[in-house]
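Plus 1 on top of the position in the sequence shown (first one is 1) and you've got our numbering. See below for the structure under consideration.
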Amino acid sequence: MSQPKINQINFFFDPICPWTFVASQWIRNVANTKGIPLVFRPFSLQIKNSDKTPTEPFISYFRASQPTLRMAANLRKTDPEHNLPISELYWEFAKEFHLNNNKFEINPVEIALKIGLDEATIKAKDDESLDSFLKKEMDYALSFTGNDVGVPIIVLENETSQRGFFGPILGRVPNEQEGIDLWNSLIHVAEMDFFYEAKRIRGSVVVS
2 MSQPKINQIN FFFDPICPWT FVASQWIRNV ANTKGIPLVF RPFSLQIKNS DKTPTEPFIS
62 YFRASQPTLR MAANLRKTDP EHNLPISELY WEFAKEFHLN NNKFEINPVE IALKIGLDEA
122 TIKAKDDESL DSFLKKEMDY ALSFTGNDVG VPIIVLENET SQRGFFGPIL GRVPNEQEGI
182 DLWNSLIHVA EMDFFYEAKR IRGSVVVS
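Printed below as a string of structure tokens:
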């Protein structure tokens with residue numbers, strides 16, 4: 002069966018989500034193997050759940066993630082063609098948060114300085130006006146999935162169309178062959194206009 006051509010993969014993230022961290026490693030591997038441009042785009046779970054009153058530990062998580070997402074939003078808004086700083090910002094935050102288990106002392110400014118972001122980008126962490134840009138990014142992602150999901154969300158682009166879906170939700174990072182098999186299956190399903198949803202019980206997640 003021939004595969005539809007994919008020109009770009011858009012991967013929407015909030016750095017505090019462990020399922021998204023696992024999926025991000027899978028999609029990086031797939032994009033590298035397939036030679037497909039991969040674009041990381043910010044999605045705020047704090048904004049998504051703004052109709053709810055957060056409790057700990059999410060109050061602390063959001064305190065670190067929202068400034069990071071604003072920096073990512075500023076990078077995307079000012080230079081949408083240059084995605085590497087967003088990818089690095091996400092990876093360094095997620096690695097510290099999930100792998101080093103530094104969930105309560107994580108410092109977005111230190112991470113930004115570590116990857117060489119400039120002063121204007123770092124100042125964006127406190128710019129609440131960027132939340133409206135974040136909301137536009139989220140509205141775009143949710144236009145493919147419906148409003149009853151979080152992240153990860155993937156939107157696939159080719160020359161004539163865009164297809165998006167929530168997930169995949171993975172309990173661990175697949176090995177290379179598993180990852181390619183999963184990708185091949187998902188892009189075929191994404192082309193099926195009549196297919197909407199399949200779900201099963203969710204187990205635990207192993208971050209590595």
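The beta-carbon is built from N, C-alpha and C at its ideal position, and this holds for glycine as well.
Exposure of residue i, with buried meaning 16 or more beta-carbon neighbours within 10 Å
i    : result
D15  : buried
K126 : buried
E57  : exposed
P175 : buried
S209 : exposed
I60  : exposed
A65  : buried
Bridge partners - residue i, DSSP secondary structure assignment
i    : result
L157 : I10 and R164
L39  : I10
Within 8 Å, strictly: CB atoms of residue i and residue j
i    : j    : result
M139 : F63  : no
I107 : F98  : yes
F167 : V190 : no
Q9   : I37  : yes
L131 : A199 : no
W20  : G180 : no
N185 : Q4   : yes
M72  : I123 : yes
S205 : G172 : yes
I116 : E82  : no
Nonlocal neighbours in the same chain, by C-beta distance under 6 Å from residue i, ignoring five residues either side
i   : result
F94 : P16, T69 and I112
T13 : Note that residue 13 is Phe in the sequence shown here, rather than Thr. Once the five neighbours on either side are set aside, the close Cβ partners of F13 are R42, F44, A142, V152 and I154.
K78 : F134
The ligand NAD heavy atom lying under 7 Å from the CB of residue i
i    : result
S162 : The ligand content of the structure shown is nil, which means the ligand NAD is not present either.
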